[in-house]
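Q:
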Amino acid sequence: MLPELLAQIPLDEPIESVCADGAYDTRGCLDAIAQRQATAVIPPRKNASHWKKSSPGSAQRNEAIRACKRLGLSIWKKWSGYHRRSLVETKMHCFKRLGERVTARTFERQVVELHARVALLNRFSQIGRPQTVPVAAVA
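So the mapping is simple: this note's numbering equals the position in the sequence shown, first residue as 1, plus 2.
1) Just to check, is the beta-carbon of Pro-16 closer than 7 Å to a non-hydrogen atom of the ligand ADP?
2) Go to Ser-60, then tell me how far its beta strand (DSSP E) extends in each direction, as first and last residue.
3) Does DSSP put Val-137 in a helix, in a strand, or in coil?
4) Taking just the CA atoms, how far does Cys-31 sit from Ile-5?
5) Could you tell me whether the segment 34-47 touches the segment 63-72, using the rule of 3 or more Cβ pairs below 8 Å?
6) Between which residues of its own chain and Gly-83 is the CB-CB distance below 8 Å, once the five residues before and five after are set aside?
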């Protein structure tokens with residue numbers, strides 16, 4: 003799915019980095035990221051082995067494997083900026099929670115409850131929010 007999402011972004015639109023979890027540690031994904039001259043911030047799988055230099059994304063992946071072995075996975079995540087991904091996931095979880103069932107019974111209290119949820123979401127936003135830009139629609 004990632005190569006199709008990247009294909010929706012105009013070629014003249016620069017992409018600095020693509021951050022994803024270990025499920026995207028595949029040749030197709032890493033090659034698509036490398037072809038857009040973006041940095042792949044994807045942790046290698048536990049049993050990852052070096053790829054031959056035959057694909058565009060192999061250099062970045064091999065460097066990530068070396069860095070994870072040298073620094074350890076948790077330090078690599080901080081060093082590479084991978085931890086910012088969890089902030090985005092937390093924000094998306096908050097957005098999804100806003101749409102859940104309202105517990106108040108009267109309309110006036112429901113309005114108050116929704117305002118409280120929005121205020122809480124805004125407070126989460128103040129803690130730390132990566133700058134994200136929507137670039138493609140998921141089908």
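The beta carbon of each residue, even a glycine, is placed where N, CA and C say it ideally should be.
Model, not experiment: these values are computed from the prediction.
A: This is what the structure holds:
1) In the structure on display, the ligand ADP does not appear, and there are no ligands present to speak of.
2) Here residue 60 corresponds to residue number 58 of the sequence shown, with the count starting at 1. Element bounds for Ser-60: not the beta strand (DSSP E) but the alpha helix (DSSP H), 60-73.
3) Position 135 of the sequence shown, counting from 1, holds the residue named residue 137. Val-137: coil per DSSP, three-state reduction.
4) Translated into positions along the sequence shown, residue 5 becomes position 3. Translated into positions along the sequence shown, residue 31 becomes position 29. Residue identity check: residue 5 is Pro in the sequence provided, not Ile. Cα-Cα distance, rounded: 6 Å.
5) yes
6) Your numbering for residue 83 matches position 81 in the sequence shown. Same-chain partners within the cutoff: Ser-19, Cys-21, Val-43.
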